[in-house]
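Right, one structure below, let's go through it.
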Amino acid sequence: MPSASPSTIHRLDYQPPAFLVDHVFLAFEIGAKTVEVRTTLSLRRPPSVRPGASPGASPGASNALILQGRGLDTRRVALDGHDLSPDSYTIAGDHLTLTPPLGETFTLETTVVLDPTANTALEGLYVSGGMLCTQCEAEGFRRITWYLDRPDVMARFRVSITADRTRFPVLLSNGNLIHAESLPDGRHHTLWEDPFPKPSYLFALVAGDLALAEETFTTASGRAVALRFWVEHGNEQQVGHALASLRRAMAWDERVFGLEYDLDVYNVVAASHFNMGAMENKSLNVFNAKYVLARPETATDGDFLAIEAVIAHEYFHNWTGNRVTCRDWFQLTLKEGLTVFRDREFSSDMNNRGLQRIQQVRGLRAGQFPEDNSPMAHPIRPDSYVEINNFYTATVYEKGAEVIRMIHTLAGPEGFRRGMDCYFARHDGQAVTCEDFIAALEDGAGLDLKQFRRWYSQAGTPKVTARWSHDASARTFTLHLTQTTTPTQGLPQGQSEKLPLHLPVAVGLVGSGGDLPLRLAGENTPGGTTRVLSLTEAEQTFVFEDVPTAPVPSLFRGFSAPVVVSAALSDADLAFLLVHDSDAFNRWDAGQELATRVLLASIMGQPSPGQEIFLSAWSHVLAEWHTDPAFAAEALMLPGTSALGERLEVIPVEALHTSRKALLRNLAERNIETLIAVATHTPEETAGALDPVSVGLRRLRSLALAVLAEKGGETVQRLIEKRFQTAVGMTGQLGALSALLTLGTTAADPALAAFLEQWRHDNLVVNKWLGLQAGADWPDVLERVKTLTRHPLYNTLEPNKIYALIGGFTANLVHFHRADGQGYTFIADQVLALDGVNPHVAARLARSLIRWRRYDATRQDLMKTELRRIQARVGLSSDVGELLARALG
Ligand code: TRP
Ligand code: ZN
2 MPSASPSTIH RLDYQPPAFL VDHVFLAFEI GAKTVEVRTT LSLRRPPSVR
52 PGASPGASPG ASNALILQGR GLDTRRVALD GHDLSPDSYT IAGDHLTLTP
102 PLGETFTLET TVVLDPTANT ALEGLYVSGG MLCTQCEAEG FRRITWYLDR
152 PDVMARFRVS ITADRTRFPV LLSNGNLIHA ESLPDGRHHT LWEDPFPKPS
202 YLFALVAGDL ALAEETFTTA SGRAVALRFW VEHGNEQQVG HALASLRRAM
252 AWDERVFGLE YDLDVYNVVA ASHFNMGAME NKSLNVFNAK YVLARPETAT
302 DGDFLAIEAV IAHEYFHNWT GNRVTCRDWF QLTLKEGLTV FRDREFSSDM
352 NNRGLQRIQQ VRGLRAGQFP EDNSPMAHPI RPDSYVEINN FYTATVYEKG
402 AEVIRMIHTL AGPEGFRRGM DCYFARHDGQ AVTCEDFIAA LEDGAGLDLK
452 QFRRWYSQAG TPKVTARWSH DASARTFTLH LTQTTTPTQG LPQGQSEKLP
502 LHLPVAVGLV GSGGDLPLRL AGENTPGGTT RVLSLTEAEQ TFVFEDVPTA
552 PVPSLFRGFS APVVVSAALS DADLAFLLVH DSDAFNRWDA GQELATRVLL
602 ASIMGQPSPG QEIFLSAWSH VLAEWHTDPA FAAEALMLPG TSALGERLEV
652 IPVEALHTSR KALLRNLAER NIETLIAVAT HTPEETAGAL DPVSVGLRRL
702 RSLALAVLAE KGGETVQRLI EKRFQTAVGM TGQLGALSAL LTLGTTAADP
752 ALAAFLEQWR HDNLVVNKWL GLQAGADWPD VLERVKTLTR HPLYNTLEPN
802 KIYALIGGFT ANLVHFHRAD GQGYTFIADQ VLALDGVNPH VAARLARSLI
852 RWRRYDATRQ DLMKTELRRI QARVGLSSDV GELLARALG
């Protein structure tokens with residue numbers, strides 16, 4: 002069936018649904034190859050749109066019932082129990098249109114047949130391994146049955162599943178199991194009922210032969226909840242960390258937000274085939290297996306932390322997403338930004354807040370800032386889209402979380418809690434907008450967010466410039482701040498007019514004796530050593546009193562707003578802050594800024610006055626590594642090429658790469674003994690110890706190996722090889738292997754072969770093996786990646802493999818951006834090959850090509866040529882099509 006031609010959907014065109022669904026009954030008959038779905042919908046006309054019911058309603062328009070469906074083989078349509086003849090309804094494109102009876106309520110029955118084995122898009126009902134599972138967000142439910150597939154239609158679901166008992170011993174859906182029975186012909190049946198009305202995107206079904214790991218959690222009010230993790234047989238031993246993380250998340254949400262779980266069972270299913278991280282389906286989460294399975298031998302420290310975060314994220318959605326959901330998909334950040342904020346607060350409470358913040362901001366600068374500077378620039382609440390899958394972005398998620406974090410900063414923890422209480426009191430059980438959220442936060446916390454709302458409508462990264470002066474005789478310190486946001490690309494017109502935003506600026510003044518007490522002009526007494534200023538104008542001045550000697554200002558402490566700061570700090574000021582700032586994030590950021598200045602100067606072939614200051618600061622942090630190994634590991638890591646590139650008009654591919662490598666080599670040579678000591682004497686991992694110090698020591702050791710590898714030589718090679726051979730966990734093994742790759746193929750190849758031999762039966766470790774090679778800096782890396790696409794362990798139907806190998810290659814700066822354009826050609830070929838298989842994944846890869854404006858003229862042409870070649874494909878998906886339309890304008 003042809004799908005409707007893609008059209009642009011606008012936020013302001015929102016209309017409430019013409020029909021509501023009270024109850025859904027779904028009966029899945031799982032056959033040997035196909036699945037029959039019988040659906041019964043109890044529909045209702047909302048009072049206001051009943052024909053003739055209100056003066057505003059137009060009877061003709063509101064009487065047609067239009068349902069969404071895609072790729073459905075329709076066998077039966079019936080209204081109030083009477084079969085409709087095919088000429089009394091129309092199926093065109095993705096719509097089924099019919100004229101329902103005139104009463105207030107009526108029932109619609111449909112029967113469709115699905116072929117889940119042919120579903121390679123992994124949306125709707127599909128096969129992963131031997132199991133059947135579903136992915137319905139955002140618009141996958143329409144691939145299962147005809148429905149009003151929009152989040153503001155919330156209904157009670159009952160689901161019947163019948164299948165062969167041997168092939169599918171486990172049959173799950175949302176809510177409570179209310180009936181289970183064996184059937185004569187080797188089949189069995191389960192019946193599920195979800196008491197909570199929900200939008201269709203939260204529906205889930207799983208059928209398979211899965212192993213169970215189960216524990217009980219007792220809620221604050223004393224209810225027992227069964228936590229059930231369903232995994233492939235043999236993986237039961239790898240869910241301990243995810244289970245423990247879930248318990249911690251449940252207890253945390255009770256303690257911090259007063260939110261309890263609301264059903265007796267919470268299921269988590271691990272799938273090897275999954276487009277994204279995980280999905281918060283009501284009481285039946287489906288997870289990408291990489292965010293469930295872990296043991297120290299196969300999962301890195303980063304994997305362990307990511308599992309904790311994603312498990313918490315999906316759990317937190319039960320309130321922020323499920324109990325209160327989105328009115329329409331433009332409101333996506335309502336649930337995603339808020340839930341990322343919540344999972345970050347949780348991770349910060351479970352681990353080290355300062356380190357967490359450093360890692361969050363590193364991610365934002367490497368991922369979201371570039372998005373703001375691309376044709377995909379959009380506000381956290383977009384105004385239009387063609388394919389909603391394209392808007393599960395760093396902007397909606399991460400910048401969205403930063404926006405919530407700013408509200409938290411302005412409200413304070415208690416005020417924020419009162420605001421959240423107000424939000425749930427008002428909107429539990431509803432599908433609402435970002436505006437509803439802000440209004441509840443304003444009322445609950447007693448805030449005025451009138452200007453702050455601009456964060457929801459304005460795209461782009463604001464730039465704040467800071468100047469200051471100290472008046473010794475008046476003992477005042479005057480801080481002058483200006484803000485501007487450059488026009489963003491994007492849509493036909495982009496967003497050219499930018500207004501000043503409300504920025505919370507957390508400021509400290511650091512003197513030689515540490516933080517000064519802060520008293521703003523007009524105040525009687527000092528109020529702490531960090532003050533949150535509200536910058537609301539394009540330009541504003543703040544005066545601090547009682548400042549006897551000139552301090553160094555520490556601005557945007559904890560990264561209090563997602564902006565680029567340009568401050569008149571000298572290199573010596575930065576080195577001072579790196580040592581003396583009480584704010585861990587700003588200590589780290591001062592070091593990053595110092596390194597950035599050195600690297601940018603070297604890229605532009607200029608002498609760098611700060612070079613010596615930077616080199617000695619770096620050596621100093623390294624020499625003191627034992628006082629705080631985790632912080633040292635973060636501080637010693639040079640800024641990544643993606644964040645560096647954002648600081649320049651045109652991304653200088655080769656210079657960026659060679660300057661960074663040259664600086665690393667210089668650091669290795671100057672600090673060779675300390676680096677060898679760190680690489681040799683940091684303790685072997687105590688398996689599974691995830692406290693910040695243990696994690697920090699391993700991170701530091703991997704960093705030392707990486708820096709040493711830039712210097713190379715026989716001693717270094719022997720040291721790294723020893724580390725590789727004696728590593729007892731995946732963090733250490735991968736750290737050493739990655740350093741061997743830096744030494745070149747002669748050192749790397751035997752190690753890569755040994756690694757594969759050891760782990761070829763562990764699917765998730767194979768992905769790491771692919772990803773490492775895709776990121777290597779070898780002359781023939783593109784050819785190697787091409788060869789790997791034909792490796793028996795590679796699989797184009799499994800997104801994790803594609804993200805690791807092909808996605809990994811797009812992040813390989815110099816080789817993806819090869820001057821001959823072959824990197825671009827390869828990716829375009831991959832996008833074309835994948836577009837018909839899995840458009841969602843194809844579009845994620847295509848993103849690597851759309852930022853062509855950021856490169857030199859030759860590369861621009863090469864990239865555009867490939868974009869046009871993709872665009873010429875007839876029948877291109879709306880996913881990839883939308884990106885190309887934006888990129889080529
Ligand atoms: N809502 C999911 C989350 O927790 C995102 C998600 C999972 C998703 N699978 C998807 C989005 C498929 C689009 C398509 O963030
Ligand atoms: Zn989410």
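Using the numbering used here, read the sequence shown as starting at 2 and increasing by one per residue. Glycine included, C-beta positions come from ideal geometry on N, C-alpha and C. Just so it is clear, the structure is predicted and the values come from calculations on it, not from any experiment.
Span of the beta strand (DSSP E) around residue i
| i | result |
| --- | --- |
| GLN496 | No beta strand (DSSP E) contains GLN496, which DSSP labels as neither H nor E. |
| PHE218 | 212-219 |
| ASP23 | 21-31 |
| TYR90 | 90-93 |
| GLY509 | 504-512 |
CB-CB length for residue i against residue j, believed under 8 Å
| i | j | result |
| --- | --- | --- |
| THR683 | LEU701 | 6 Å |
| PRO554 | LEU517 | Not really, about 10 Å apart at Cβ, beyond 8 Å. |
| THR489 | LYS464 | With 8 Å as the limit, THR489 and LYS464 do not qualify as a contact, their Cβ atoms being about 13 Å apart. |
| GLY355 | ALA585 | 3 Å |
| LEU126 | VAL36 | 6 Å |
| LEU896 | PHE615 | Examination of residue 896 is not possible in this model, given that the chain is present from 2 through 890 alone. |
| GLY491 | HIS379 | 6 Å |
| ARG143 | PHE26 | Actually they are not in contact, since the Cβ atoms of ARG143 and PHE26 sit about 18 Å apart, beyond 8 Å. |
beta-carbon residue i near the ligand ZN non-hydrogen atom, thresh 8 Å
| i | result |
| --- | --- |
| TYR398 | yes |
| LYS336 | yes |
| HIS314 | yes |
| GLY322 | yes |
| HIS318 | yes |
| VAL269 | no |
| THR326 | no |
| THR340 | yes |
| GLU281 | yes |
N- and C-terminal bounds of the alpha helix (DSSP H) containing residue i
| i | result |
| --- | --- |
| HIS274 | First-last for HIS274: undefined, no H or E at that position. |
| CYS137 | From DSSP, CYS137 is part of no alpha helix (DSSP H); its letter is neither H nor E. |
| GLU403 | 401-428 |
| ALA669 | 654-671 |
| GLY762 | Note on residue identity: the sequence assigns His, not Gly, to residue 762. HIS762 -> no alpha helix (DSSP H), and no H or E assigned at all. |
| ASN801 | 800-803 |
| ASN289 | Per DSSP, ASN289 belongs to no alpha helix (DSSP H); it is in the beta strand (DSSP E), 285-289. |
Buried/exposed call for residue i, threshold 16 Cβ in 10 Å
| i | result |
| --- | --- |
| ASP880 | buried |
| SER849 | buried |
| GLY890 | exposed |
| GLY57 | In this predicted model, GLY57 has a pLDDT of only 43, less than 50, meaning its place in the structure is not dependable; the value taken from the coordinates is given anyway. GLY57 comes out exposed. |
| ALA181 | exposed |
| VAL433 | buried |
| GLU388 | buried |
Heavy atom of the ligand TRP within 8 Å of residue i beta-carbon
| i | result |
| --- | --- |
| GLU261 | no |
| MET377 | no |
| GLN136 | yes |
| PHE142 | no |
| HIS79 | Checking the sequence shown, residue 79 turns out to be Ala, not His. No - the ligand TRP has no heavy atom lying nearer than 8 Å to the Cβ of ALA79. |
| ALA139 | yes |
| GLY364 | no |
| MET155 | no |
| PHE275 | yes |
| TYR393 | yes |
| ASN236 | no |
| GLU670 | no |
| ASN390 | yes |
| GLU124 | yes |
Inset, instruction - Quick one: which unbroken alpha helix (DSSP H) runs of 4-plus residues sit fully inside the region 310-363? Chain order, please. - result: 333-351
Legend entry - Every unbroken beta strand (DSSP E) inside the region 517-541 [3 residues or more]: 532-536
Legend entry - Ordered list of beta strand (DSSP E) runs contained in the region 460-492, each at least 3 residues: 464-472, 477-485
Legend entry - Any beta strand (DSSP E) of 3 or more consecutive residues that is wholly inside the region 102-181: 106-115, 125-129, 132-136, 156-165, 171-174
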